[in-house]
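First to last, the protein sequences are chains A, B, C, D, E and F. Numbering follows the working numbering, with no gaps: position 1 of the first sequence is 1. Numbering follows the working numbering, with no gaps: position 49 of the second sequence is 1049. Numbering follows the working numbering, with no gaps: position 51 of the third sequence is 2051. Numbering follows the working numbering, with no gaps: position 115 of the fourth sequence is 3115. Numbering follows the working numbering, with no gaps: position 75 of the fifth sequence is 4075. Numbering follows the working numbering, with no gaps: position 5 of the sixth sequence is 5005. Every residue, glycine too, gets a C-beta built ideally from N, C-alpha and C.
There are 6 protein chains.
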Amino acid sequence: MDNKVAVYRKEHFNAAHRLTNPLWDDEKNNAVFGKCNNPNYHGHNYELIVKLSGVPDPQTGFVIDLKLLSDLIQYNVVDKFDHKNLNEDCAEFRNLNPTAENIAIVIYNILREKISSALSLQVRLYETERNFVEYPAN
Amino acid sequence: MDNKVAVYRKEHFNAAHRLTNPLWDDEKNNAVFGKCNNPNYHGHNYELIVKLSGVPDPQTGFVIDLKLLSDLIQYNVVDKFDHKNLNEDCAEFRNLNPTAENIAIVIYNILREKISSALSLQVRLYETERNFVEYPAN
Amino acid sequence: MDNKVAVYRKEHFNAAHRLTNPLWDDEKNNAVFGKCNNPNYHGHNYELIVKLSGVPDPQTGFVIDLKLLSDLIQYNVVDKFDHKNLNEDCAEFRNLNPTAENIAIVIYNILREKISSALSLQVRLYETERNFVEYPAN
Amino acid sequence: MDNKVAVYRKEHFNAAHRLTNPLWDDEKNNAVFGKCNNPNYHGHNYELIVKLSGVPDPQTGFVIDLKLLSDLIQYNVVDKFDHKNLNEDCAEFRNLNPTAENIAIVIYNILREKISSALSLQVRLYETERNFVEYPAN
Amino acid sequence: MDNKVAVYRKEHFNAAHRLTNPLWDDEKNNAVFGKCNNPNYHGHNYELIVKLSGVPDPQTGFVIDLKLLSDLIQYNVVDKFDHKNLNEDCAEFRNLNPTAENIAIVIYNILREKISSALSLQVRLYETERNFVEYPAN
Amino acid sequence: MDNKVAVYRKEHFNAAHRLTNPLWDDEKNNAVFGKCNNPNYHGHNYELIVKLSGVPDPQTGFVIDLKLLSDLIQYNVVDKFDHKNLNEDCAEFRNLNPTAENIAIVIYNILREKISSALSLQVRLYETERNFVEYPAN
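Here's what the structure looks like:
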């Protein structure tokens, strides 16, 4: 065992989306995505938990200052997706179905570029209290 | 003090909405409703708590069978609003701004007609964990 | 407006119960109580919130010392019902159907005798996160 | 029944405090306040829920813009108490024991001056998940 | 790192149980299991979280449709254990002590047969908010 | 896959602390730790989750009796830190900055000595609902 500690920061955003595959006709989209395929959209309060693992800095006792991590998530993720229509307003989902799985991968990729490679990264995204995802899987 | 007991049932639905006043221009709507005015909508996981107060039936010990209350909310409220765009898909909000306050009043009026007048009714609606409303106010 | 403050203390207990009316036959009990009528019992984690309202003591700033209230609930309610079968082990429910409504009334009556009449009392009981009751109703 | 709706906004702050009555000696303070009397302080994550009741504005559908209410609580309450020692850093508790009851009354009085008298006000303060208070009591 | 995403679905059931080892006498059972050994049973609201990890289908963006996973848990686990006495009503615990650990293993084994071996499986079971288990351990 | 099950027990304590590096001057401490550097302290409700993984005992079905684990955490951790000033009252933090990371490592080291080496150990510590840490990291 090394001395790595994981730190977690929870943020949230509210967004509209619909699930659809543009290569399929309406009948198939309805069969697969059901009411999530509503062409007028529905929405969620997304809860996002970002996990970083690393060795604490001996001078501060911090893996990372969680205020800085919060600001970084706010600026790069929340400002991009909060109170938006993921399908219509967000370039990331122009050609990608905004399932919870895909939203988590997109957020991971955004944050991975902004965070030191000395820290490992994982994101958990709650679409509802009962449905949530994590990327990458342990 | 009489013998009234209050019973509560919690349900939820996910919906898209936008806040807007059609009598105002875009500038005023943006000034008042900010990012909630996004013309492409955003969305929420709405948590709904329905409260009924009355004297328990001496034969059952129930104010109301909560399974029946759950079914009644499901049929009359959740099926109507879940995975919908409140502004576009729901006649109740064709001419009514879907603020949490107005959604709560609409739900109260729907349920009030379906529930015995011997029971008093109150609805609480969570738009997010930090923003919620109650109608009628105590 | 007077200067009354309400204070709340949350406790919990785990118990088995079944819902049944001994004056009815099995068919009627099943029709009314459904799977809650299982003769072998089922169970719950009950969450109990006790509310007392009164004027804070100017010397302590307390309506009541919540540690004392916690001990009082523990001794008079939790020790009586925790890890018990309400129907079989508890005299209070020998002739009373242990619905959430009736359990709340029983707990109110137990506590009412132990707490100064200068303080008003209300109990809220969660049978599940989605089903809960309050006595007396506001 | 009038048309009043209650709206709620939840905020939080983290603070240190100790409970003590300067007119009492150490023995009495220890007997009454126990480990809450630690002269080196302890602390809490306080969760604050502010409730306002009024008639929604027909043009906005809002009792009050919850973003404005959030800013008002932030500026007048959270900035004052967050990451502070209530006894040492806050004039409000120089001569007032910072029990949950008294903190709630102080917050009520601060907010009451800032909010239109057309709206009724109530504050709920969680000291822990299991201990909380409300002022004024219903 | 591969492209695996973990998806989670939360369900619940309410059940009665007692902890006991039929090879031991009452004295030993009481010494080891304490009030959990009550011969008349007690009960819990069990919260179950099922985790599946796999690569999302590029056509749907789903690891698995969570509605299908929910139905599968409902049919194979919840319908079997909800509102039951685990010791008396459930063949799985005829010869197996229904500790949280053993219930989690039983649920894992039930679900493992029903879910594609391309997906890895883990179950978490909350007996109370403060006591919970996970199988298999990471 | 072996037969290991993870069991979790949640406890809590309330404490005051400040973040500071005694080798730095006030200006640097303020720049790095911000309002967490308040010399009069602030405080938190710490939620602690202890995870142990091992093979259940075939006679009990327990990895460990969670009542025993709860008592062990209470005696060795909660009694030491609850209602304390971590910087002033606790020898563990005389020369160690009480960040969440360091508190988690200290608690891990305390518990590791008290728990059989056949069981693997991990601790999670919530400083607030939105900021938490885990040691060792997975």
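Which residue's Cα is closest to the Cα of Y1126/B: N1045/B, N1097/B, D1079/B, D1071/B? Closest by alpha carbon: N1045/B.
Does any residue of chain A have a CB that is nearer than 8 Å to the CB of Y4008/E? Taking Cβ atoms only, chain A reaches closer than 8 Å to Y4008/E, which makes this a yes.
Check each residue of the region 3036-3059 of chain D: if its Cβ is closer than 7 Å to any Cβ of chain B, include it; give the result in chain order. Answer in chain order: S3053, P3056, Q3059.
What does K3010/D pair with, by DSSP beta-bridge criteria? Its beta-bridge partners are I3049/D.
Note down, in chain order, every chain E residue with its Cβ under 9 Å from the Cβ of N5138/F. N4138, listed in chain order.
Range of the contiguous alpha helix (DSSP H) that encloses Y1135/B: Boundaries around Y1135/B are those of the beta strand (DSSP E), 1131-1135, since no alpha helix (DSSP H) includes it.
Any C-beta of chain C sitting closer than 8 Å to the C-beta of K1028/B? Put simply, the CB of K1028/B is far from chain C, with every gap to its CB atoms at 8 Å or more.
Using a Cβ distance threshold of 8 Å, determine whether the region 26-34 of chain A contacts the region 1021-1029 of chain B, with at least three qualifying pairs required. Three or more Cβ pairs closer than 8 Å define a contact, and the region 26-34 of chain A falls short of that threshold against the region 1021-1029 of chain B.
Per DSSP, V2123/C is paired with what? BP columns for V2123/C point to V2050/C, Y2135/C.
By DSSP, does A4104/E sit in helix, in strand, or in coil? Helix, per DSSP.
Less than 8 Å between the beta carbons of V4133/E and A4100/E, yes or no? Closer than 8 Å, so yes.
Do you know offhand how far Q3074/D's Cα is from E2088/C's? Roughly 52 Å between the two C-alpha positions.
Quick check on the burial criterion: 16 or more other C-beta atoms within 10 angstroms. Buried or exposed for R5094/F? When all chains shown are included, R5094/F counts as exposed.
Using a Cβ-Cβ cutoff of 8 Å, what residues of the region 3064-3086 of chain D are near chain F? List them in chain order. Within the region 3064-3086 of chain D, the residues whose Cβ lies closer than 8 Å to some Cβ of chain F are D3082, H3083, K3084, N3085, listed in chain order.
Would you say the beta carbon of A3118/D comes nearer than 7 Å to a heavy atom of the ligand ATP? Among the components of this structure there are no ligands whatsoever, and the ligand ATP is therefore not found.
Residue range of the unbroken alpha helix (DSSP H) whose run includes F4033/E: Annotation for F4033/E: the continuous alpha helix (DSSP H) segment containing it runs 4026-4033.
Cβ-based burial, N4014/E [other Cβ within 10 Å; buried from 16]: Per the 10 Å Cβ criterion, buried.
Could you confirm whether any beta carbon from chain C is found closer than 8 Å to the beta carbon of V1005/B? Chain C, which has a Cβ nearer than 8 Å to the Cβ of V1005/B, makes this yes.
Identify which residue in S3053/D, R3009/D, G3061/D, Y3041/D has its Cα closest to the Cα of P1022/B. That would be G3061/D, whose Cα lies nearest to the Cα of P1022/B.
Proximity winner among A3137/D, L3069/D, H3042/D, relative to R1130/B (alpha-carbon distances): It is L3069/D whose Cα lies nearest to the Cα of R1130/B.
Where does N4040/E sit, in a helix, a strand or coil, going by DSSP? N4040/E: coil per DSSP, three-state reduction.
Mind checking which residues open and close the alpha helix (DSSP H) that includes S70/A? Taken as a continuous stretch (DSSP letters only), the alpha helix (DSSP H) holding S70/A covers 66-73.
For a test of the three-state rule: what should DSSP assign to A5091/F, helix, strand or coil? For A5091/F, the secondary structure class from DSSP, reduced to helix, strand or coil, is helix.
Comparing the C-beta of T5020/F with each C-beta of chain D, is any distance below 8 Å? For T5020/F, no CB of chain D lies under 8 Å from its own CB, so it is not counted at the interface with that chain.
So with CB distances below 7 Å, who are the chain D contacts of F2062/C? Within chain D, the residues placing a beta-carbon under 7 Å from that of F2062/C are T3099, E3101, ordered along the chain.
Distance, Cα to Cα, S120/A vs I107/A? Going from the Cα of S120/A to the Cα of I107/A covers about 14 Å.
Confirm, please, whether the CB-CB distance from I3049/D to K3010/D is below 8 Å. In this structure, K3010/D sits near I3049/D, with a CB-CB distance shorter than 8 Å.
Chain E residues whose Cβ lies nearer than 8 Å to that of V133/A: Those are V4005, A4006, V4007, Y4008, V4063, listed as they occur along chain E.
Determine, for R2130/C, whether the minimum Cβ-Cβ distance to residues of chain B falls below 8 Å. Yes, R2130/C counts as interfacial toward chain B.
Cβ neighbours of S3053/D in the same chain (closer than 6 Å, five flanking residues each side left out): K3004, A3006, S3120, listed in sequence order.
Thinking C-beta only, is I2110/C closer than 8 Å to V2077/C? Yes, Cβ-Cβ distance for V2077/C and I2110/C is below 8 Å.
If contacts are defined as beta-carbon pairs under 8 Å, then N2037/C and H4042/E qualify, I think. What distance do you get, rounded to the angstrom? Going by Cβ atoms, the distance from N2037/C to H4042/E rounds to 19 Å, so no, they are not a contact pair.
If we define contact as Cβ-Cβ less than 8 Å, is N5105/F a contact residue for chain A? The sequence shown places Ile at residue 5105/F, not Asn. Chain A, which has a Cβ nearer than 8 Å to the Cβ of I5105/F, makes this yes.
Straight-line CA distance for T1020/B to P2098/C? About 49 Å.
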